[in-house]
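Asks: Take this structure, written in structure tokens, and hold onto it; I'll ask about it next.
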Amino acid sequence: MQNQLIIPTAEPFFFPGDETGCLLVHGFTGTPKEMHWMGEYLSNRAGHTVLAVRLAGHATSIEDMKRTHWQDWLASVEDGLHLLNGICERVFVIGLSMGGALALLAAAHYPLAGVIAMATPYQLPKDWRLNFVGIIRIFQPEIAKGAPDWRNPDAARDHVSYRTNPTIAVGELNKLLAQLRAALPNIRIPALLMHSRLDAAVPPANMEHIYAALGTTDKRMIWLENSGHVITREPEHQTVFKAAADFIHRLTHSKPQEKHRLHAARD
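Add 9 to the 1-based position in the sequence shown for the numbering used here, that's all there is to it.
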């Protein structure tokens, strides 16, 4: 295809399967590629229907991301949920990093079967500049990323994401996380959290804060010991995938399932 807008290998993907739908959501400045191995596992090993969405402004040009807001990212997730609801009896949402925050936020508003959040931030580090992003972006439109924390050099070499963080988008992420913190007590569905103790991008304490704030009593934390931030492509990715598959299996086989219609539960 000539003049392709989406970065090659970073396209959204769909794997048809059974009546259990798994919506995969990538992270901030990332792409569906970071969820591809997980999608293959849930499809090939567990037989589930898998859809990985591309968040608005991602996997094309960083200039596109500068024009998006956190509501656009959430709308991308909602699109995926509605698509899966049309062909599946139940839907799980699974997100990495900011994708985990979006997954949890969706879980507070829709009657999903369960939610999995991996390497997810609860809040950004304290920084006075977050209050002045609208001004700072004029003089500094992009912010350098921190040092990579990869433990899998092969995955690091072919990882696809924007090389810098759009300043305005960092402000939108901060707004999104404020929405997340307000929504966590309203989440009543089963939740699985996973995080690496070596995560340099999102400090491990973020998982503990999310866990404590969740309204559901069916919640579990899993710690990884030899992974960086993108745990879906790190040495312990098989542990992550199996934990997710076991979580889904428990919930789909423990009691009769009713079809989850995605009517918003917002007040």
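Using N, Cα and C, we set each Cβ at its ideal position, and we do this for glycine too. Quick caveat: nothing in here was measured; it's all calculated off a predicted structure.
#1: Would you please verify whether the beta carbon of Lys-75 is less than 8 Å from any beta carbon of chain B?
#2: Taking the alpha carbon of Thr-69 as the reference point, which residue from Ile-15, Asn-235, Thr-173 has its own alpha carbon closest?
#3: Count the other CB atoms within 10 Å of the CB of Glu-245; is the residue buried (16 or more) or exposed (fewer)?
#4: Counting only the same chain and skipping the five closest in sequence on each side, list residues whose C-beta sits under 7 Å from that of Ser-236.
#5: Is Ala-112 closer than 8 Å to Val-124 when the C-beta atoms are compared?
#6: His-204 bridges to which residues according to DSSP?
#7: Can you tell me whether Gly-56 is buried or exposed, with buried defined as 16 or more other CB within 10 angstroms of its CB?
#8: Alpha carbon to alpha carbon, how far is Val-100 from Phe-148?
#9: Should Pro-25 go down as buried or exposed, given a rule of 16 or more other Cβ atoms within 10 Å for buried?
#10: What does the Cβ neighbour count give for Glu-87, buried or exposed, with the cut at 16 atoms within 10 Å?
Replies: This is what the structure gives:
#1: Of the protein chains in this structure there is only one, and it is not chain B.
#2: Counting from 1 along the sequence shown, the entry for residue 69 is found at position 60. Cα-wise, what sits closest to Thr-69 is Ile-15.
#3: As a position in the sequence shown, residue 245 is number 236, starting the count at 1. Glu-245 is buried by the Cβ-count criterion.
#4: By 1-based counting over the sequence shown, the position of residue 236 is 227. For Ser-236, where only same-chain residues beyond five positions count, the Cβ hits under 7 Å are Arg-160, Ser-205, Leu-207, Glu-243, Pro-244, Glu-245.
#5: As a first step, residue 124 is located in the sequence shown; it is residue number 115 there, counting from the start. As a first step, residue 112 is located in the sequence shown; it is residue number 103 there, counting from the start. It is a contact, given that the beta carbons lie within the stated cut-off.
#6: Locating residue 204 in the sequence shown gives position 195, where the first residue counts as 1. Partner(s): Trp-232.
#7: As a position in the sequence shown, residue 56 is number 47, starting the count at 1. So Gly-56 counts as exposed.
#8: Here residue 100 refers to the residue found at position 91 of the sequence shown. Here residue 148 refers to the residue found at position 139 of the sequence shown. Roughly 43 Å between the two C-alpha positions.
#9: Translated into positions along the sequence shown, residue 25 becomes position 16. Looking at its Cβ environment, which holds fewer than 16 other Cβ atoms inside 10 Å, Pro-25 is exposed.
#10: To locate residue 87, count along the sequence shown from 1; it is residue 78. Looking at its Cβ environment, which holds 16 or more other Cβ atoms inside 10 Å, Glu-87 is buried.
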